[in-house]
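Participant:
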Ligand SMILES: [Zn+2]
Ligand SMILES: [Zn+2]
């Protein structure tokens, strides 16, 4: 985990509810050490992470290394969520012919560490209309304990190419925006949220991954998140969740510790709306390394409590469980 000396940004809610102050927290090494200790002692006791990538997909280490780290952190539950196979060449997903091996490996860890930590099996399943398999198929084939649905690749009806909105490279985002939408950001963002809504309606994942990931490479270059059309689109998506599903929205901390975003996915304003609409949330670090398991989770908890959330949702082998915060 690398943190810059000049620090990073973290947005907390101020009053009145609609206004936020941007607070810059600068970490010296001593402060960072204190924060990590604080994480270990206060936050990490009795918590969990449901969004974890190991070397079965684009994560970096063996699943057992994450289990060992989670035990050190005092987690009661760790869920593995490899990117589900997709029917085209790529360097991020689990390969179709390794599905059984993945399922067997995670279940074996569950047995090995029984009594110390609950190990759950899941997948982060891409939704690309007309291309990806149904989430329900993956759930039954792998006997998954829960499912995470996400949009990383946006499809249009007109073109064959997909718009890759994730990953480390801003250039791929810009290239896709130009190729698929002639640089029209509003069209691109509408296509993204429409695909998310279609996923909610047709796939009903247990958890929706990084709801506003589309903002990551925008960096206020093409649109501002307080523009009316953007807010209306997000609101429509949230209404789709409440009216048409019982999906949980994840609060994903990866953008912050990877320094790709200065807020969580989703950001504070959307979190406020989630709270207002009583949409359940969970907290995930989307770890691709064992050291990322608790990245920025304490800060997320502070923000969630400030907004008024009283609980997070996680899973056990029987289904959803509430964790008071
Ligand atoms: Zn993702
Ligand atoms: Zn992920």
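Residue numbers (my numbering): 1 to 325. All C-beta atoms in this analysis are idealised placements derived from N, C-alpha and C, irrespective of residue type, glycine included.
Tell me the residue span of the beta strand (DSSP E) that contains residue 320.
Facilitator: Translated into the one-based positions of the chain shown, residue 320 becomes position 320. Per DSSP, residue 320 belongs to the beta strand (DSSP E) from 319-324.
Participant: From what residue to what residue does the alpha helix (DSSP H) around residue 138 run?
Facilitator: Here residue 138 refers to the residue found at position 138 of the chain shown. Residue 138 -> alpha helix (DSSP H) spans 135-142.
Participant: Let me make sure I understand the geometry here. Which of 103, 188, 108 and 216 has the alpha-carbon closest to that of residue 229?
Facilitator: Against the chain shown, residue 229 aligns to sequence position 229. Minimum Cα distance to residue 229 is reached at 188.
Participant: Below 6 Å CB to CB, which residues in the same chain sit around residue 77 once its five sequence neighbours on both sides are set aside?
Facilitator: Along the chain shown, one-based indexing puts residue 77 at 77. These residues qualify, in order along the chain: 48, 118 and 314.
Participant: Comparing the CB of residue 232 with every heavy atom of ligand 4, is any distance shorter than 7 Å?
Facilitator: Ligand 4 is not part of the structure shown, which contains ligand 1 and ligand 2 as its ligands.
Participant: If you measure from each CB to the nearest heavy atom of ligand 2 and keep those under 5 Å, what residues do you get, in chain order?
Facilitator: Selection output, chain order preserved: 124 and 286.
Participant: Within the present structure, is the beta-carbon of residue 150 separated from the nearest heavy atom of ligand 1 by less than 7 Å?
Facilitator: Position 150 of the chain shown, counted from the start, is the residue given in the question as residue 150. Result yes, Cβ under 7 Å from ligand 1.
Participant: Compute every distance between the C-beta of residue 166 and the non-hydrogen atoms of ligand 1, then say whether any falls below 7 Å.
Facilitator: For the purposes of this step, residue 166 is taken as the residue at position 166 of the chain shown. Within the cutoff, so yes.
Participant: Under a Cβ-count criterion, where at least 16 other Cβ atoms within 10 Å of its own Cβ denotes burial, should residue 276 be classed as buried or exposed?
Facilitator: Residue 276 sits at position 276 when you count from the first residue of the chain shown. Residue 276 is exposed by the Cβ-count criterion.
Participant: Which of helix, strand or coil does DSSP assign to residue 327?
Facilitator: This structure gives no information on residue 327, because the portion of the chain shown stretches from 1 to 325.
Participant: If you draw a straight line from the alpha carbon of residue 282 to that of residue 274, how long is it in whole angstroms?
Facilitator: Residue 282 sits at position 282 when you count from the first residue of the chain shown. Residue 274 sits at position 274 when you count from the first residue of the chain shown. The straight-line gap from Cα to Cα measures roughly 12 Å.
Participant: Report whether the distance from the Cβ of residue 276 to the nearest heavy atom of ligand 1 is below 7 Å.
Facilitator: Here residue 276 is taken as the residue at index 276 of the chain shown, counted from 1. It does not: the Cβ of residue 276 is nowhere closer than 7 Å to a heavy atom of ligand 1.
Participant: For my contact list, residue 195 and residue 129 are in at a C-beta cut-off of 8 Å; report their separation, rounded to the angstrom.
Facilitator: Numbered from its first residue, the chain shown carries residue 195 at position 195. Numbered from its first residue, the chain shown carries residue 129 at position 129. That pair is a contact at about 7 Å.
Participant: Determine the DSSP secondary structure at residue 126, reduced to helix, strand or coil.
Facilitator: For the purposes of this step, residue 126 is taken as residue 126 along the chain shown, with counting starting at 1. Residue 126 falls in the strand class under three-state DSSP.
Participant: In whole angstroms, give me the CA-to-CA distance for residue 58 and residue 65.
Facilitator: As a first step, residue 58 must be located in the chain shown, where it is residue number 58. As a first step, residue 65 must be located in the chain shown, where it is residue number 65. If I take the Cα positions, the gap works out to 15 Å.
Participant: Please specify which runs of the beta strand (DSSP E), each continuous and at least 3 residues long, are wholly inside the segment 233-266, giving them in chain order.
Facilitator: Counting only runs of 3 or more, we get 248-252.
Participant: Going by DSSP, which residues form a beta bridge with residue 111?
Facilitator: The count along the chain shown starts at 1 and reaches residue 111 at position 111. BP columns for residue 111 are empty, so no partner.
Participant: In whole angstroms, give me the CA-to-CA distance for residue 183 and residue 312.
Facilitator: Within the chain shown, the letter at position 183 stands for residue 183. Within the chain shown, the letter at position 312 stands for residue 312. Each residue's alpha carbon lies about 38 Å from the other.
Participant: Between residue 94 and residue 52, what straight-line distance do the alpha-carbon atoms span, to the nearest angstrom?
Facilitator: In the chain shown, counting from the first residue as 1, residue 94 sits at position 94. In the chain shown, counting from the first residue as 1, residue 52 sits at position 52. Roughly 13 Å between the two C-alpha positions.
Participant: Once DSSP output is grouped into helix, strand and coil, what is the label at residue 93?
Facilitator: Within the chain shown, the letter at position 93 stands for residue 93. Note: residue 93 maps to coil in three-state DSSP.
Participant: Using only alpha-carbon positions, find the residue among 237, 251, 173 and 259 that is nearest to residue 221.
Facilitator: Along the chain shown, read from residue 1 onward, the residue named residue 221 stands at position 221. When each option's Cα is compared against that of residue 221, the closest is 173.
Participant: Under 8 Å by Cβ, that's how I've got residue 124 and residue 150 pegged, so tell me the actual separation to the nearest angstrom.
Facilitator: Translated into the one-based positions of the chain shown, residue 124 becomes position 124. Translated into the one-based positions of the chain shown, residue 150 becomes position 150. Rounded, the Cβ-Cβ distance is 6 Å, consistent with contact.
Participant: Thinking just about the alpha-carbon of each residue, which of 259, 254 and 214 is nearest to the one in residue 152?
Facilitator: Translated into positions along the chain shown, residue 152 becomes position 152. With distances taken between Cα atoms, residue 152 lies closest to 214.
Participant: Does the beta-carbon distance from residue 280 to residue 303 come in below 8 Å?
Facilitator: The residue labelled residue 280 in the question sits at position 280 within the chain shown. The residue labelled residue 303 in the question sits at position 303 within the chain shown. Against a cut-off of 8 Å, the Cβ pair of residue 303 and residue 280 comes out as no contact.
Participant: Exposed or buried, what is residue 242 when buried is set at 16 or more other beta-carbons lying within 10 Å of its beta-carbon?
Facilitator: In the chain shown, counting from the first residue as 1, residue 242 sits at position 242. Residue 242 should be labelled exposed.
Participant: Is residue 314 helix, strand or coil by DSSP?
Facilitator: Start at 1 with the first residue of the chain shown, and residue 314 comes out as number 314. Reduced to three states, the DSSP call for residue 314 is strand.
Participant: Given 7 Å as the limit, tell me if residue 209 has its C-beta closer than that to any heavy atom belonging to ligand 1.
Facilitator: As a first step, residue 209 must be located in the chain shown, where it is residue number 209. Correct: residue 209 has its Cβ closer than 7 Å to ligand 1.
Participant: Let's see if you can read the secondary structure: which residues bound the alpha helix (DSSP H) around residue 362?
Facilitator: Nothing about residue 362 can be reported from this structure: the residues present for the chain run from 1 to 325 only.
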